[in-house]
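Numbering (our numbering), first residue to last: 1214 to 1544. Scroll down for the structure; my scribbles are underneath it.
As structure tokens, then:
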């Protein structure tokens, strides 16, 4: 069972549905129209207690093929009064409670079956919603458990499951999300297709998107004359939003500027020890008797005399610095 949100141009309503087998596929079956607010079917006897209207529960138990009262309570949980949800949330989440369930390990055969039965469109949506990654390269290696909840469900139930997850996306991510789940990057070459679709030819992107949405509309819903309502939402996401801002272009621009603005200082002249001593006006014997402190004292005197700020020559000042580095290295 699941609660489907159904919107028409006249009204918005919630319908309790179930997925049932029809041959080799799952289809949905309407059980009860809950109206615009499912919370109206919840009763509060007092304290933190709550229960679903008995008449509704009896009607559902007769109409549903596999009725489970615990599942029914889970479905109505989002519409329980907020103060009660907060008060009893801890008890619901305890191991073994009706609000929590174990995750038995899947066998190899079960994993293979899940991966085989899950449509690529659903895999891409699940991958993006969980990891927020436009690059779908890792998708073939994703564990089957990620797609376990998509099994034995009608297409309607699957779509109803994706809708609330998509509402958590920021508006700036909606167009990137649609670009990714329709695998539009596969029509282009290079890293930009996976990281920065706004840099691509948008006329081509739009053309490939329209082609893919029609193809998937036919594959999932068997429609060719018009788009199913579940596909229309992606049309709106794509054309009513812009791509998320990316730093990739900024980084490429900064790197380009850095490469072309880089300053390579001229290689300093390499002096021989004799030339360096000549600049410092000391003999070979005098240099042997010098220590670093004495050499530094001579350097400071020469630097003051020939500093450009004091009217000295810039080239001569550079020679003094280079000579000092040579002589220091030889002490």
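Note that CB positions come from ideal geometry on N, CA and C, so glycine has one too.
Residue span of the beta strand (DSSP E) that contains residue i, given as start and end
i: residue 1359; result: Premise fails: residue 1359 is in no beta strand (DSSP E) and is neither H nor E.
i: residue 1255; result: 1255–1259
i: residue 1246; result: 1238–1248
i: residue 1264; result: 1262–1265
Other residues of its chain near residue i: CB distance less than 6 Å, five sequence neighbours each side excluded
i: residue 1511; result: 1493
i: residue 1351; result: none
i: residue 1369; result: 1241
i: residue 1515; result: 1533
i: residue 1252; result: 1292
i: residue 1359; result: 1339
Host alpha helix (DSSP H) of residue i (start-end)
i: residue 1430; result: 1415–1434
i: residue 1375; result: 1368–1379
i: residue 1542; result: 1527–1543
i: residue 1321; result: 1321–1330
i: residue 1318; result: First-last for residue 1318: undefined, no H or E at that position.
i: residue 1412; result: Neither: residue 1412 is in no alpha helix (DSSP H) and is coded neither H nor E.
i: residue 1439; result: No alpha helix (DSSP H) holds residue 1439; DSSP gives it neither H nor E.
i: residue 1339; result: 1333–1344
i: residue 1488; result: 1486–1493
i: residue 1293; result: From DSSP, residue 1293 is part of no alpha helix (DSSP H); its letter is neither H nor E.
i: residue 1500; result: 1497–1501
i: residue 1399; result: Counting along the chain, residue 1399 falls outside any alpha helix (DSSP H), and DSSP gives it neither H nor E.
i: residue 1390; result: 1387–1394
i: residue 1383; result: No alpha helix (DSSP H) holds residue 1383; DSSP gives it neither H nor E.
i: residue 1517; result: 1505–1519
Neighbourhood of residue i by C-beta, 7 Å cutoff - its chain only, sequence neighbours within 5 removed
i: residue 1486; result: 1539 and 1543
i: residue 1301; result: 1261
i: residue 1394; result: 1334, 1337, 1338 and 1341
i: residue 1272; result: 1245
i: residue 1532; result: 1492
i: residue 1237; result: none
i: residue 1457; result: 1385, 1386 and 1389
i: residue 1229; result: 1214, 1216, 1244, 1245, 1247 and 1273
Per DSSP, cross-strand counterpart(s) of residue i
i: residue 1220; result: 1225
i: residue 1279; result: Residue 1279 pairs with nothing; no bridge assigned.
i: residue 1235; result: 1238
i: residue 1215; result: 1230
Cβ-based neighbour list, residue i, same chain, cut-off 8 Å, excluding 5 preceding and 5 following
i: residue 1231; result: 1214, 1215, 1241, 1242, 1244, 1277, 1278 and 1279
i: residue 1270; result: 1282 and 1285
i: residue 1396; result: 1333, 1337, 1349 and 1425
i: residue 1496; result: 1490
i: residue 1435; result: none
Local Cβ density within 10 Å of residue i, reported as buried at 16 or more and exposed below that
i: residue 1257; result: exposed
i: residue 1346; result: exposed
i: residue 1439; result: exposed
i: residue 1547; result: Because residue 1547 is not part of the residues shown, which for the chain are 1214 to 1544, the question remains open.
i: residue 1376; result: exposed
i: residue 1476; result: Caution applies to residue 1476, whose pLDDT of 48 falls short of 50 and renders its modelled position unreliable; the value that the coordinates give is listed next. The residue in question, residue 1476, is exposed, as its Cβ has fewer than 16 Cβ neighbours within 10 Å.
i: residue 1304; result: exposed
i: residue 1447; result: buried
i: residue 1430; result: buried
i: residue 1233; result: exposed
i: residue 1327; result: buried
i: residue 1418; result: buried
i: residue 1222; result: exposed
Residue-chain proximity (residue i, chain C), Cβ-Cβ < 8 Å
i: residue 1341; result: The chain labelled as chain C is not found in the depicted structure, where only one protein chain is given.
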